[in-house]
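All remarks here apply to the structure that follows.
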Amino acid sequence: QQQVKQSPQSLIVQKGGIPIINCAYENTAFDYFPWYQQFPGKGPALLIAIRPDVSEKKEGRFTISFNKSAKQFSLHIMDSQPGDSATYFCAASPSHFGNEKLTFGTGTRLTIIP
Amino acid sequence: KAGVTQTPRYLIKTRGQQVTLSCSPISGHRSVSWYQQTPGQGLQFLFEYFSETQRNKGNFPGRFSGRQFSNSRSEMNVSTLELGDSALYLCASSHITGTNPYEQYFGPGTRLTVT
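For the record, the sequence lines run as chains A and B.
The number in this note's numbering is simply the position in the first sequence, starting from 1, with 281 added.
The number in this note's numbering is simply the position in the second sequence, starting from 1, with 8 added.
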């Protein structure tokens with residue numbers, strides 16, 4: 282029940298395209314959903330996060346769509362650039378004080394080709 | 009503000025030895041979490057400390073332990089190292105209070121290789 286399932290495992294998109302990465306969860310106690318971007322040799326960097334009270338959140342070229350009834354959320358990258366090539370992780374956690382541990386998806390290796 | 013710092017960045021140890029990794033959180037952050045990242049298992053939660061107390065623990069054997077100091081700096085220790093402990097160990101800090109209490113910010117990690 283603690284799993285977060287992420288797909289696809291890898292994704293190749295042409296520059297300017299819109300890669301979409303999907304995640305699904307089962308634990309209804311999860312109510313905080315961040316996305317992280319990781320470059321080789323670096324730690325994950327927080328990109329954007331959403332809570333279930335909204336269905337969409339945009340920050341720059343990154344958008345999270347959230348479907349509470351389906352227990353699914355996805356990351357869209359608008360006008361993708363070669364510099365966006367990285368591994369992306371979705372994650373989920375409860376947000377009540379004392380239990381903030383993140384459960385991560387398995388990651389998506391994104392390659393943006395010029 | 010300086011980010012999360014971890015030392016050392018790289019470490020090579022032999023099976024059976026023990027190792028201590030260090031993490032300094034972002035200034036003002038009082039919660040420190042540790043994660044293990046491997047190609048096979050992905051990112052897995054080890055434990056979390058807040059105000060020098062362990063609040064959460066993942067499913068790792070007792071060989072993995074940690075502590076937090078009064079200045080919020082944290083250390084994790086792995087005793088009796090096994091080959092399977094080779095991984096990137098990541099530390100993340102969060103504020104817990106404030107506008108975005110649950111945002112966790114990661115350090116660059118310590119790459120541990122066990123031979």
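Even glycine gets a Cβ: it sits at the ideal position worked out from N, Cα and C.
Quick check: residue i and residue j, are their CB atoms within less than 9 Å of each other?
i	j	result
phenylalanine 55 of chain B	phenylalanine 68 of chain B	yes
alanine 351 of chain A	lysine 338 of chain A	no
arginine 119 of chain B	arginine 17 of chain B	yes
glycine 324 of chain A	glycine 66 of chain B	no
phenylalanine 354 of chain A	tyrosine 306 of chain A	yes
valine 294 of chain A	isoleucine 393 of chain A	yes
leucine 89 of chain B	glutamine 25 of chain B	yes
glycine 70 of chain B	methionine 84 of chain B	no
glutamine 49 of chain B	leucine 98 of chain B	no
cysteine 304 of chain A	serine 288 of chain A	yes
serine 101 of chain B	tyrosine 113 of chain B	yes
isoleucine 299 of chain A	serine 361 of chain A	yes
glutamine 14 of chain B	leucine 29 of chain B	yes
Would you say the beta carbon of residue i comes nearer than 8 Å to a heavy atom of the ligand NAP?
i	result
isoleucine 302 of chain A	The ligand NAP is absent from the structure shown, which contains no ligand whatsoever.
Could you give the first and the last residue of the continuous beta strand (DSSP E) run that contains residue i?
i	result
glycine 50 of chain B	50-58
leucine 391 of chain A	389-394
valine 129 of chain B	With chain B running from 9 to 123 in the structure shown, residue 129 of chain B is simply not present.
arginine 63 of chain B	61-65
glutamine 397 of chain A	It is not possible to answer for residue 397 of chain A, since the shown part of chain A is limited to 282 through 395.
asparagine 85 of chain B	82-86
asparagine 303 of chain A	301-306
List the whole-angstrom C-beta distance separating residue i from residue j, where the pair is believed to meet the contact cut-off of C-beta under 8 Å.
i	j	result
leucine 356 of chain A	phenylalanine 343 of chain A	7 Å
alanine 373 of chain A	threonine 384 of chain A	5 Å
alanine 326 of chain A	glutamine 319 of chain A	7 Å
serine 35 of chain B	arginine 81 of chain B	Between arginine 81 of chain B and serine 35 of chain B the Cβ distance is about 11 Å, and since that is not below 8 Å, they are no contact.
With a cut-off of 8 Å, do at least 3 Cβ pairs link the stretch 357-374 of chain A to the stretch 35-47 of chain B?
Counting C-beta pairs closer than 8 Å gives fewer than three between the stretch 357-374 of chain A and the stretch 35-47 of chain B, which falls short of the contact rule.
Along the chain, which unbroken stretches of the beta strand (DSSP E) at least 3 residues long are found entirely within the stretch 309-364 of chain A?
Runs of the beta strand (DSSP E) spanning 3 or more residues and lying entirely within the stretch 309-364 of chain A occur at 314-319, 326-331, 337-340, 343-348, 353-358, in chain order.
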